[in-house]
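Colleague:
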């Protein structure tokens, strides 16, 4: 929870700096998102490659283990597309790009901003990136706070699905507590599959 509050505070601090400094600071920071994006993608690869349990999990992976992340992806994209019916400012592809973050707010918001900038302009791309940031932070918070409720109402797999990519790290303790320790390997595989899918799906929907 503390990490989420830090992210929100940094976001608000950025808005304040932009208001105070205006276009001069914005021009100075224009190239930073590209380098941050490259760094985040590199970090994703390093984390996956350095995971000592990655080989064991891949060798013991059963096809049925892939059903949960596939259902998570399908359900998230379905309801994201449905949200476009209520939001006249954004089409189904924009909403599905936001949903494709799966709570990976740091990567998804930057990636959406970078990919949409060429087609819709900086202002609209930044606005959509900010929506992705907030939507994915809220998803992570809901996963952390609501895990016991989801497990009791919808079954032990529900907290894993709601957590998105955070099922393998931030939300893993609450998943272990309310869904059972036996679901931990499934949650880790779920998170890895979603983490790999985030840049692919966002690039597809923003393209």
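Residue numbers (the numbering used here): 6 to 212.
Just so it is clear, CB atoms sit at the ideal spot from N, CA and C, and this is done for glycine as well.
Quick caveat: nothing in here was measured; it's all calculated off a predicted structure.
#1: Tell whether a beta-carbon distance below 9 Å holds between residue 138 and residue 95.
#2: Taking the CB atoms as reference points, tell me whether residue 199 and residue 110 lie closer together than 9 Å.
#3: Name the two residues that bound the continuous alpha helix (DSSP H) containing residue 166.
#4: Between residue 155 and the rest of its own chain, which residues show a CB-CB distance below 7 Å, the 5 nearest in sequence each way excluded?
#5: Just to check my reading of the structure: residue 210 and residue 98 have Cβ atoms closer than 8 Å, yes? What is that Cβ distance to the nearest angstrom?
#6: May I have the straight-line CA-CA distance separating residue 192 from residue 172, to the nearest angstrom?
#7: Can you tell which of 79, 128, 90 and 124 has the C-alpha that lies nearest to the C-alpha of residue 106?
#8: Rounded to a whole number of angstroms, what is the C-alpha to C-alpha distance between residue 103 and residue 157?
#9: Tell whether a beta-carbon distance below 9 Å holds between residue 74 and residue 202.
#10: Quick one: measure Cβ to Cβ for residue 83 and residue 208, integer angstroms, because I've assumed they're closer than 8 Å.
#11: Cutting at 7 Å between CB atoms, please list the residues of its own chain near residue 188, excluding the five before and the five after it.
#12: For residue 153, which residues of its own chain have a beta-carbon under 6 Å away from its beta-carbon, when the five flanking residues on both sides are left out?
#13: Buried or exposed for residue 128, going by 16 or more other Cβ atoms inside 10 Å?
#14: Using only CA atoms, which one of 20, 131 and 112 lies nearest to residue 40?
#15: Please report the distance separating the alpha-carbon of residue 19 from that of residue 114.
#16: Comparing C-alpha positions only, which one of 146, 76, 212 and 177 sits nearest to residue 125?
#17: Apart from the five residues on each side of it in sequence, which residues of its chain come closer than 6 Å, Cβ to Cβ, to residue 85?
#18: Mapping the DSSP letters down to three states, classify residue 109 as helix, strand or coil.
#19: On the DSSP letters alone, give me the boundaries of the alpha helix (DSSP H) that residue 211 sits inside.
#20: Verify whether the separation of the beta carbon atoms of residue 77 and residue 169 is less than 9 Å.
Modeller: This is what the structure holds:
#1: Start at 1 with the first residue of the chain shown, and residue 138 comes out as number 133. Start at 1 with the first residue of the chain shown, and residue 95 comes out as number 90. No, these two residues do not count as a Cβ contact at 9 Å.
#2: Translated into the one-based positions of the chain shown, residue 199 becomes position 194. Translated into the one-based positions of the chain shown, residue 110 becomes position 105. No. Outside cutoff.
#3: Position 161 of the chain shown holds residue 166. Counting along the chain, the alpha helix (DSSP H) containing residue 166 begins and ends at 163–168.
#4: Looking up residue 155 in the chain shown gives position 150. So the list reads 163, 164 and 167, once near-sequence residues are dropped.
#5: As a first step, residue 210 must be located in the chain shown, where it is residue number 205. As a first step, residue 98 must be located in the chain shown, where it is residue number 93. Indeed they touch by this definition, with Cβ atoms about 5 Å apart.
#6: Position 187 of the chain shown, counted from the first residue, corresponds to residue 192. Position 167 of the chain shown, counted from the first residue, corresponds to residue 172. Answer to the nearest angstrom: the Cα atoms are 5 Å apart.
#7: Within the chain shown, the letter at position 101 stands for residue 106. Answer by Cα proximity: 79.
#8: Counting from 1 along the chain shown, the entry for residue 103 is found at position 98. Counting from 1 along the chain shown, the entry for residue 157 is found at position 152. C-alpha separation (whole angstroms): 28 Å.
#9: Counted from its first residue, the chain shown places residue 74 at position 69. Counted from its first residue, the chain shown places residue 202 at position 197. In contact: residue 74 and residue 202 (Cβ atoms closer than 9 Å).
#10: Counting from one through the chain shown, the residue named residue 83 turns up at place 78. Counting from one through the chain shown, the residue named residue 208 turns up at place 203. Rounded, the Cβ-Cβ distance is 20 Å, inconsistent with contact.
#11: Working through the chain shown from its first residue, we reach residue 188 at position 183. For residue 188, where only same-chain residues beyond five positions count, the Cβ hits under 7 Å are 161, 165 and 180.
#12: Position 148 of the chain shown, counted from the first residue, corresponds to residue 153. So the qualifying residues of the chain are 183.
#13: Here residue 128 corresponds to residue number 123 of the chain shown, with the count starting at 1. Per the 10 Å Cβ criterion, exposed.
#14: One-based indexing of the chain shown puts residue 40 at position 35. Among 20, 131 and 112, the Cα nearest to that of residue 40 belongs to 112.
#15: Position 14 of the chain shown, counted from the start, is the residue given in the question as residue 19. Position 109 of the chain shown, counted from the start, is the residue given in the question as residue 114. In a straight line, the C-alpha of residue 19 is about 14 Å away from that of residue 114.
#16: Counted from its first residue, the chain shown places residue 125 at position 120. Cα-wise, what sits closest to residue 125 is 212.
#17: For the purposes of this step, residue 85 is taken as residue 80 along the chain shown, with counting starting at 1. Here the set comprises 100, 101 and 104.
#18: As a working note, residue 109 is residue 104 in the chain shown. Looking at residue 109 - three-state DSSP - the assignment turns out to be coil, as it is neither helix nor strand.
#19: Along the chain shown, read from residue 1 onward, the residue named residue 211 stands at position 206. Start and end: 189–211.
#20: For the purposes of this step, residue 77 is taken as residue 72 along the chain shown, with counting starting at 1. For the purposes of this step, residue 169 is taken as residue 164 along the chain shown, with counting starting at 1. Yes, the Cβ-Cβ distance between residue 77 and residue 169 is below 9 Å.
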